[in-house]
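Novice: First the structure, which I've put down as structure tokens, then a few questions once you've had a look.
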Amino acid sequence: MALDYKNSLNRYRRYLQTVQARPLWSASLWTVFSLALIIILLVFAFRPTLVTISTLVGKIQSYKEIDAKLDQKIMAVQRASEELQKNENRLSLIEEALPETAQWEGWSKTILGKASESGVTINLLTVEKIPLPGNVPPPVKKDLLLPENSQRLVFTLKGTAQYDQIRLLITKLESLRRVTMVTNLTIGKTKEGGLYFELEGQSAFGWKEINI
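What follows is the structure in structure tokens.
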């Protein structure tokens with residue numbers, strides 16, 4: 001075993017002596033070692049740069065994806081804006097028919113104005129609950145003709161009139177742009193022989209909460 005080791009060592013020494021004796025071989029060997037060392041040094045030197053470049057490439061790709069998504073969202077907003085402009089007039093009609101709030105001051109003037117146009121004499125206009133903040137009536141259920149889940153303004157009109165005037169008043173009330181319906185009507189005779197009436201109705205509001 002020791003003899004084999006010595007023989008191998010002797011052959012390696014003879015190989016080195018041969019290489020040293022041949023300048024070309026020696027130069028080639030050192031060139032290979034030098035190139036290998038340079039390559040190793042270059043790898044270690046450029047490794048941070050390569051990592052940075054790889055990270056930047058990943059970020060650029062991510063930014064491209066984000067930019068594409070933003071373009072899609074911008075296009076969606078533009079389409080929505082175009083649709084809104086097309087239906088702007090219809091939206092104003094919806095807001096008038098079902099305003100967000102009760103707007104009961106303007107509503108009461110409209111009701112009394114229609115009564116005056118019909119020729120009836122109004123003695124009393126009552127509202128069940130003035131829908132101020134914290135005092136909003138419950139949402140309308142399916143058993144009524146008003147839009148489901150809208151709010152309601154419940155009112156009563158009392159006065160004197162002729163039959164045709166009462167009929168005209170009901171027609172005008174139910175033809176208002178504001179969604180309004182007559183729910184009950186009572187007619188009787190006064191002591192003087194004229195007619196008195198009591199009309200109950202409801203007007204809707206709160207369109208933003210309606211389920212479509």
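Mapping of the sequence shown onto full-length UniProt numbering: residues 1 to 212, in sequence order.
Positions of the beta carbon are idealized from the N, C-alpha and C atoms, including for glycine.
None of the values given here were measured: they were computed from a predicted structure.
(1) Is SER150 closer than 9 angstroms to GLY206 when the C-beta atoms are compared?
(2) Tell me the rounded alpha-carbon separation between ALA204 and VAL77.
(3) Just grab the DSSP bridge partners of ALA204 for me.
(4) If you run the structure through DSSP and keep just helix, strand and coil, what is LYS114?
(5) Check each candidate in VAL154, LYS172 and GLY113 and name the one with the smallest Cα separation from VAL127.
(6) I need the boundaries of the alpha helix (DSSP H) containing residue 273, first residue and last residue.
(7) Find the nearest neighbour of THR171 within the set ASP71, SER118, ILE122 and ARG47, judged by alpha-carbon distance.
(8) Less than 9 angstroms separating the beta-carbons of GLU200 and LEU176?
(9) Any idea which residues DSSP pairs MET181 with across the strands?
(10) Answer with buried or exposed for VAL51, where buried requires no fewer than 16 other C-beta atoms within 10 angstroms of its C-beta.
(11) Got a sec? Which residues, its chain only, sit under 8 angstroms from SER159 by beta carbon, not counting five neighbours each side?
Specialist: Per the coordinate set shown:
(1) Yes, Cβ-Cβ distance for GLY206 and SER150 is below 9 angstroms.
(2) When only Cα atoms are considered, ALA204 and VAL77 end up about 31 angstroms apart.
(3) Answer is ARG152, bridged to ALA204.
(4) Helix, per DSSP.
(5) For VAL127, the closest alpha carbon among the candidates VAL154, LYS172 and GLY113 is that of VAL154.
(6) Only positions 1 to 212 of the chain appear in this structure, which leaves residue 273 out of reach.
(7) Of ASP71, SER118, ILE122 and ARG47, the residue nearest in Cα terms is SER118.
(8) No, Cβ-Cβ distance for GLU200 and LEU176 is not below 9 angstroms.
(9) For MET181, which the question treats as bridged, DSSP gives the partners GLN202.
(10) Under this definition VAL51 is an exposed residue.
(11) Note on identity: in this sequence residue 159 is Gly, with Ser being the wrong assignment. Excluding positions up to five away in sequence, the list reads ALA115, VAL120, THR121, ILE122, ASN123, LEU124, TYR196 and PHE197.
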